[in-house]
Amino acid sequence: MKGYVVLISIVAALGGLLFGFDTAVISGTINFIQPYFGLSEAGLGWTVSSLLLGCIAGVIIAGKAGDLYGRKKVLMLAALLFFVSAIGSATANELFIFVVSRVLGGIAVGIASILSPMYIAELSPAKYRGALVSLNQLAIVAGILIAFFSNYLLVNTGENNWRFMLLVMAAPAVLLFFSLFFVPESPRWLAAQGRHSESLRVLIKTSGTENAENELFEIVETLDVLEESYYLDLLEPKIRPLLFIGIILAVFQQITGINTIMYYAPKIFANVGQSNNSALLQTILIGGTNLIFTIVAMVMIDRFGRKKLILIGSAGMTIMLAGLSFLYFTKHTTGIMVLLFILGYIAFFAASLGPALWVVATELFPNRLRSKGMSLAIVALWSACAIVTITFPVMLEKLSGGITFLIFAIICLANLLYVWHYVPETKGKTLEELENEFSKDTESPNLKSRGHKSK
Ligand code: BGC
Numbered sequence: 169m170k171g172y173v174v175l176i177s178i179v180a181a182l183g184g185l186l187f188g189f190d191t192a193v194i195s196g197t198i199n200f201i202q203p204y205f206g207l208s209e210a211g212l213g214w215t216v217s218s219l220l221l222g223c224i225a226g227v228i229i230a231g232k233a234g235d236l237y238g239r240k241k242v243l244m245l246a247a248l249l250f251f252v253s254a255i256g257s258a259t260a261n262e263l264f265i266f267v268v269s270r271v272l273g274g275i276a277v278g279i280a281s282i283l284s285p286m287y288i289a290e291l292s293p294a295k296y297r298g299a300l301v302s303l304n305q306l307a308i309v310a311g312i313l314i315a316f317f318s319n320y321l322l323v324n325t326g327e328n329n330w331r332f333m334l335l336v337m338a339a340p341a342v343l344l345f346f347s348l349f350f351v352p353e354s355p356r357w358l359a360a361q362g363r364h365s366e367s368l369r370v371l372i373k374t375s376g377t378e379n380a381e382n383e384l385f386e387i388v389e390t391l392d393v394l395e396e397s398y399y400l401d402l403l404e405p406k407i408r409p410l411l412f413i414g415i416i417l418a419v420f421q422q423i424t425g426i427n428t429i430m431y432y433a434p435k436i437f438a439n440v441g442q443s444n445n446s447a448l449l450q451t452i453l454i455g456g457t458n459l460i461f462t463i464v465a466m467v468m469i470d471r472f473g474r475k476k477l478i479l480i481g482s483a484g485m486t487i488m489l490a491g492l493s494f495l496y497f498t499k500h501t502t503g504i505m506v507l508l509f510i511l512g513y514i515a516f517f518a519a520s521l522g523p524a525l526w527v528v529a530t531e532l533f534p535n536r537l538r539s540k541g542m543s544l545a546i547v548a549l550w551s552a553c554a555i556v557t558i559t560f561p562v563m564l565e566k567l568s569g570g571i572t573f574l575i576f577a578i579i580c581l582a583n584l585l586y587v588w589h590y591v592p593e594t595k596g597k598t599l600e601e602l603e604n605e606f607s608k609d610t611e612s613p614n615l616k617s618r619g620h621k622s623k
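In this text, residue positions in the sequence shown follow my numbering: the first is 169, and each later residue adds one.
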């Protein structure tokens, strides 16, 4: 039973792998596409961030289409888009085709970023849900690492090297598309469509015969409240606090600065006067640390809970960034300490906020509004990601590393305080138990953590 759910989760997590790969692959191509398409700095910035625009569109599409056509079919659409994007961008001779292909890839990233974790959460037994949804984060991180490696391996293949780098993505896209034929639809979505016997069949396989009927009963009960759901329903007094938590946590995940490192590490190392030669080794160290500590999170998340993990992680991230900032202020940036503080920061992120945001985002919303609530939270995530990505190089140049990293350290501290006060613990309960618990507690205007402390 557990093996079956793990296998399904691995298939869905391929969506996460493509998400990681597609967002990171561009870094290795930049030096080659810029002269090929004759791009100015601003043009390059626009070309690179076109993916993020697509992401926002993809999340909005997924929120609606995931309810209408099911999680599985829309993930298949994402696989097709990943494939088209890989072929289109790799064979583009004109900038327009290149950008359109990247936007299509972005739509696929947007869809995968919400439907892969949601689908896994809806199929997982409560006991393992945290670890299984974190599997998706592990796949994102693995995708990033694979992109770094494959770019490195392909860099010396001649003038078409950037085309090969982008083409690599076609392989996992095909794999995702065909493997989706072998997994069931989400039992929670099936129940919402009134397809109860199909839902029960899936639940028997994922949760066991003795639990399946009970689970279906609970799912149907939560769906009874309203047949049709609208975005405006998210503003109901009982749901609104959950929506705020989802959005604020998603924004925090980005504005605590993770992608300043993921996308700009070589720039940071250059900024402190290190040679380009060590950049590759350092990127791989960063990617490797990210991967190892994501596994640490997977082992801990269902035991310690999401909240404790985020609190410890945010504290660690604050200390590491403050240390980094201190090195800049005291002009001690030449030694190994810069790398160590960055690796420490990555380790704390990977073991906490990285996976935990995606886990909590799947758990906050009631069945009938999960797709819409998550999509608003994740639109906020991609928007925050775009803002940080665009402003970071300017901040580093104009404010210097000292102030820039101090600002990110303060944001990490703010995240810690916010989570401590407002974010409920969600481990170990079924999505329906959480739904019932939240609808009771949110009758008071503020959803406070104190009412939700895990027992
Ligand atoms: C974030 C991504 C980030 C990645 C790094 C994810 O949880 O959402 O923006 O690049 O972690 O590991």
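Cβ coordinates follow ideal geometry from the N, Cα and C atoms, glycine included.
All figures in this text were calculated on a predicted structure; none of them were measured in a lab.
Original post:
What's the C-alpha gap between T594 and L263?
Top reply: 46 Å
Original post:
Beta carbon of M430: closer than 7 Å to some heavy atom of the ligand BGC?
Top reply: yes
Original post:
Any heavy atom of the ligand BGC closer than 7 Å to the CB of Q305?
Top reply: yes
Original post:
Mapping DSSP to helix, strand and coil, what is M337?
Top reply: coil
**OP:** Return the first residue and the last residue of the alpha helix (DSSP H) that R369 is part of.
**Re:** H364 to S375
Original post:
Is G522 near the ligand BGC, in the sense that its beta carbon is under 7 Å from a heavy atom of that ligand?
Top reply: yes
Original post:
Span of the alpha helix (DSSP H) holding H500?
Top reply: Element bounds for H500: n/a, residue is neither H nor E.
Original post:
Is I312 near the ligand BGC, judged by its Cβ being under 7 Å from some heavy atom?
Top reply: yes
Original post:
Does the beta carbon of V227 fall short of 7 Å from some heavy atom of the ligand BGC?
Top reply: no
Subject >> A247 and A341 closer than 8 Å at C-beta >> reply: yes
Original post:
Closer than 7 Å: is that where the CB of L525 sits relative to any heavy atom of the ligand BGC?
Top reply: yes
**OP:** Report yes or no: do three or more beta-carbon pairs, one from the stretch 303-319 and one from the stretch 202-211, lie closer than 8 Å?
**Re:** no
Original post:
In angstroms, rounded to a whole number, what distance separates the CA positions of L344 and N328?
Top reply: 26 Å
**OP:** Excluding the 5 residues preceding and the 5 following A518 in the sequence, name in chain order all residues of the same chain whose CB lies nearer than 6 Å to its CB.
**Re:** N458, F461 and T462
Subject >> For K597, the first and last residue of its enclosing alpha helix (DSSP H) >> reply: Element bounds for K597: n/a, residue is neither H nor E.
Original post:
Going by other Cβ atoms of all chains shown within 10 Å of its Cβ, with 16 needed for buried, is L585 buried or exposed?
Top reply: exposed
Original post:
Is the stretch 409-417 touching the stretch 530-542 in the sense that three or more CB pairs, one from each, lie closer than 8 Å?
Top reply: yes
Original post:
If you compare alpha carbons, which of V587, S281 and F316 is closest to L303?
Top reply: S281
**OP:** Go ahead and label W638 buried or exposed: buried means 16 or more other beta carbons lie within 10 angstroms of its beta carbon, across all protein chains shown.
**Re:** Because residue 638 is not part of the residues shown, which for the chain are 169 to 623, the question remains open.
Original post:
Does DSSP put N379 in a helix, in a strand, or in coil?
Top reply: helix
Original post:
Quick one: what does DSSP say P534 is sitting in, helix, strand or coil?
Top reply: coil
**OP:** Report all residues from its chain with a CB closer than 6 Å to the CB of A307; omit the five preceding and five following residues, and keep chain order.
**Re:** A181, G184 and L185
Subject >> Nearest-angstrom beta carbon gap, V271 and D190 [assumed within contact, 8 Å] >> reply: Not really, about 12 Å apart at Cβ, beyond 8 Å.
Original post:
How many angstroms separate the CA atom of L394 from the CA atom of P405?
Top reply: With a pLDDT of only 47 at L394, under 50, the local geometry of the prediction cannot be trusted, and the value read off the model is given with reservation. Roughly 16 Å between the two C-alpha positions.
Original post:
Is A458 near the ligand BGC, in the sense that its beta carbon is under 7 Å from a heavy atom of that ligand?
Top reply: Going by the sequence as given, residue 458 is Asn instead of Ala. Yes, the ligand BGC has a heavy atom inside 7 Å of this Cβ.
Subject >> At least three beta-carbon pairs within less than 8 Å, the stretch 572-589 to the stretch 470-489 >> reply: yes
Subject >> Backbone CA spacing between N379 and V370 [nearest angstrom] >> reply: 12 Å
Original post:
Would I415 pass as a contact of A548 if the rule is Cβ separation under 8 Å?
Top reply: yes
Original post:
According to the neighbour-count rule (16 or more other Cβ atoms, all chains shown, within 10 Å of its Cβ), is A438 buried or exposed?
Top reply: exposed
**OP:** State yes or no: is the C-beta of Q421 nearer than 7 Å to some heavy atom of the ligand BGC?
**Re:** yes
Original post:
What do you get for V562, buried or exposed, if any count of 16 or more other CB atoms within 10 angstroms of its CB means buried?
Top reply: exposed
**OP:** Please check the pair L489 and F420, which I expect to be a contact at CB under 8 Å, by giving their CB distance rounded to whole angstroms.
**Re:** Their Cβ separation, rounded to whole angstroms, is 14 Å, which puts L489 and F420 out of contact at 8 Å.
**OP:** Kindly examine the ligand BGC and report whether one of its heavy atoms sits closer than 7 Å to the Cβ of A426.
**Re:** Residue 426 is actually Ile in this sequence, not Ala. Because some heavy atom of the ligand BGC lies under 7 Å away, the Cβ of I426 counts as near it: yes.
Subject >> Three-state secondary structure assigned by DSSP to V216 >> reply: helix
**OP:** Mind checking which residues open and close the alpha helix (DSSP H) that includes T197?
**Re:** K170 to F205
**OP:** Select from K232, D235 and S269 the residue whose C-alpha is nearest the C-alpha of F250.
**Re:** S269
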